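Here the structure comes first, spelled out in structure tokens, and everything after it is commentary.
Residue numbers (the UniProt record's numbering): 1 to 322.
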């Protein structure tokens, strides 16, 4: 049964006034929208105390004063963890899962800021000319990193229906893919470790066709990260021979690469298909890749100016705080 709401002081005063005027309790109850027994209880307490009695506060008594709330850390008030949580909620704090962020050295931060400032005048049209690429590993069962919650009694926590099954060494596949504001390009499963020559083969077999398909003969800018195989001299020579302009990239900056968001969506889609073997996983990846629509890719490219502004703003805020 749901708990009853506490009646307001104004409603109680109205009940008393109506009864004093000689109205029957049944009519009063109908008028204010409560039960007849509630009307009788309020009238009885009124006659006992000679005034409308305000209901006592329900729940545990407040342990701290408003002044102490601001000084909990300094004064060392002896309170339980529930009180601390309640005060934090009152101040607008929420219990959240911490966001993951690569560790950045001062040099990384300077490089990121310089990179962002050099491109802060770029429009969405400028970013539409960029082909973003990356590798990612997709595991069977991956895609529900936020956790699984179930309703169960304490005695049922190990019931089959209440468990989330995990694998110590899940089967996985490494993939390479690329995208732009026009949509997804080619994607391939990589069955070996990636060195410079393997990477050149990937670019030749999948990047070049992607560029031709999405841009034709128009000039583009190619983005990849600073993995050693990406920055090999032979790779640089390959791109120059194909007249492909390569974009410099700040280290440890996956937050600036929109393809990271695409990987997140892809893994969710693959997870929903429920692959149970590597063959099923490869099929699920290919099917999901082709189901990613161009509008989603465009929305990611449109976010690029905002990503750069966030980097610049973070620096400005840090300077102001110092």
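Glycine is no exception: its CB is placed at the ideal position from the N, C-alpha and C atoms.
Predicted model only: the values in this text are computed from it and were never measured.
- [ ] Look up residue 175 in the DSSP assignment and give the residues it is bridged to.
- [x] Residue numbering aside, residue 175 sits at position 175 when the chain shown is read from its first letter. In the DSSP assignment, residue 175 forms a beta bridge with 136, 189.
- [ ] Spatial neighbours of residue 259 within its chain, please: CB distance less than 6 Å, with the 5 preceding and 5 following residues excluded, ordered by chain position.
- [x] Sequence index remark: in the chain shown, residue 259 carries index 259 (1-based). Within the same chain, residue 259 has close Cβ partners 132, 134, 179.
Task: Cβ pair residue 174, residue 137 closer than 8 Å - done: Reading the chain shown from its first residue, position 174 is the one you call residue 174. Reading the chain shown from its first residue, position 137 is the one you call residue 137. Yes, these two residues count as a Cβ contact at 8 Å.
Open item on the list: For residue 210, list the residues DSSP reports as bridge partners.
Closed with: The residue you call residue 210 lines up with position 210 of the chain shown. DSSP, once it has assigned bridges, lists no residue as partnering residue 210.
Task: From 311, 272, 308, 304, residue whose alpha carbon lies closest to that of residue 129 - done: Sequence index remark: in the chain shown, residue 129 carries index 129 (1-based). Cα-wise, what sits closest to residue 129 is 304.
- [ ] Output the boundary residues of the beta strand (DSSP E) element that contains residue 93.
- [x] Here residue 93 is taken as the residue at index 93 of the chain shown, counted from 1. It is not in any beta strand (DSSP E) - residue 93 carries neither H nor E in the DSSP assignment.
Task: Simplified DSSP assignment, three categories, for residue 123 - done: Looking up residue 123 in the chain shown gives position 123. In the displayed model, residue 123 falls within coil according to three-state DSSP, outside both helix and strand.
Task: Span separating the alpha-carbon of residue 248 from that of residue 223 - done: Looking up residue 248 in the chain shown gives position 248. Looking up residue 223 in the chain shown gives position 223. Cα-Cα distance, rounded: 7 Å.
- [ ] Using 10 angstroms around the beta-carbon of residue 250, count the other beta-carbons present and answer buried if the total reaches 16, otherwise exposed.
- [x] Within the chain shown, numbered from 1, the residue matching residue 250 stands at position 250. Classification for residue 250: buried.
TODO: Could you name the residues of the same chain whose beta carbon sits closer than 8 Å to that of residue 289, not counting the 5 residues immediately before and after it, in chain order?
DONE: Indexing the chain shown from 1 puts residue 289 at position 289. For residue 289, where only same-chain residues beyond five positions count, the Cβ hits under 8 Å are 177, 184, 187, 266.
Task: Residues near residue 209 in its chain [Cβ-Cβ closer than 7 Å; skip 5 each side] - done: Translated into the one-based positions of the chain shown, residue 209 becomes position 209. Only 186 meet the Cβ criterion.
TODO: Go ahead and pull the three-state DSSP assignment for residue 184.
DONE: For the purposes of this step, residue 184 is taken as the residue at position 184 of the chain shown. Strand at residue 184.
- [ ] Could you tell me the distance, in whole angstroms, from the CA atom of residue 104 to the CA atom of residue 171?
- [x] For the purposes of this step, residue 104 is taken as the residue at position 104 of the chain shown. For the purposes of this step, residue 171 is taken as the residue at position 171 of the chain shown. So the two alpha carbons sit approximately 31 Å from each other.
- [ ] Would you list the residues sitting across from residue 222 in a DSSP beta bridge?
- [x] For this step, residue 222 is matched to residue 222 along the chain shown. Note: residue 222 sits in a beta bridge opposite 131, 246.
Open item on the list: Short of 6 Å in beta carbon distance, which residues of its chain neighbour residue 190, apart from the five on each side in sequence? Order them along the chain.
Closed with: By one-based count along the chain shown, residue 190 stands at place 190. The answer, listed in chain order, is 174, 176.
- [ ] Compute the Euclidean distance between the alpha carbons of residue 90 and residue 6, then round it to the nearest angstrom.
- [x] Counting from 1 along the chain shown, the entry for residue 90 is found at position 90. Counting from 1 along the chain shown, the entry for residue 6 is found at position 6. The alpha-carbon atoms of residue 90 and residue 6 are separated by roughly 21 Å.
- [ ] Quick one: residues in its chain with C-beta nearer than 8 Å to the C-beta of residue 113, no 5 flanking neighbours on either side, listed in chain order?
- [x] Here residue 113 corresponds to residue number 113 of the chain shown, with the count starting at 1. So the qualifying residues of the chain are 311, 312, 315.
TODO: Taking all protein chains shown into account, decide if residue 235 is buried (16 or more other Cβ within 10 angstroms of its Cβ) or exposed.
DONE: On the chain shown, residue 235 is found 235 positions in, with the first residue counted as 1. So residue 235 ends up on the buried side.
- [ ] Answer with buried or exposed for residue 127, where buried requires no fewer than 16 other C-beta atoms within 10 angstroms of its C-beta.
- [x] Within the chain shown, residue 127 is the residue found at index 127, counting from 1. By the neighbour-count rule (16 or more Cβ atoms within 10 Å), residue 127 is buried.
- [ ] Please go through the same chain and pick out, in chain order, the residues whose beta-carbon is closer than 8 Å to the beta-carbon of residue 202, but skip the five residues on each side of it.
- [x] Position 202 of the chain shown, counting from 1, holds the residue named residue 202. The residues are 176, 188, 190, 194.
Task: DSSP state of residue 153 mapped onto helix, strand, coil - done: Your numbering for residue 153 matches position 153 in the chain shown. Three-state result, residue 153: coil.
- [ ] Leaving out five residues on either side along the sequence, give the residues of the same chain with a beta carbon under 6 Å from the beta carbon of residue 84.
- [x] Residue 84 sits at position 84 when you count from the first residue of the chain shown. Cβ within range, chain order: n/a, list empty.
- [ ] Following the continuous alpha helix (DSSP H) through residue 204, name the residue where it begins and the one where it ends.
- [x] Numbered from 1 along the chain shown, position 204 holds the residue referred to as residue 204. Counting along the chain, residue 204 falls outside any alpha helix (DSSP H), and DSSP gives it neither H nor E.
TODO: Would you give the residue range spanned by the alpha helix (DSSP H) that residue 265 belongs to?
DONE: Counting from one through the chain shown, the residue named residue 265 turns up at place 265. Looking at the DSSP string, the run of the alpha helix (DSSP H) that includes residue 265 is 259-273.
- [ ] Please classify residue 80: does DSSP put it in a helix, a strand, or coil?
- [x] In the chain shown, the residue the question calls residue 80 occupies position 80. In the structure shown, residue 80 sits in coil (DSSP, three-state: anything other than H, G, I, E or B).
Open item on the list: With a threshold of 8 Å on Cβ separation, who are the neighbours of residue 293 within its own chain once the five nearest residues in sequence on each side are excluded?
Closed with: For the purposes of this step, residue 293 is taken as residue 293 along the chain shown, with counting starting at 1. Contacts found: 183.
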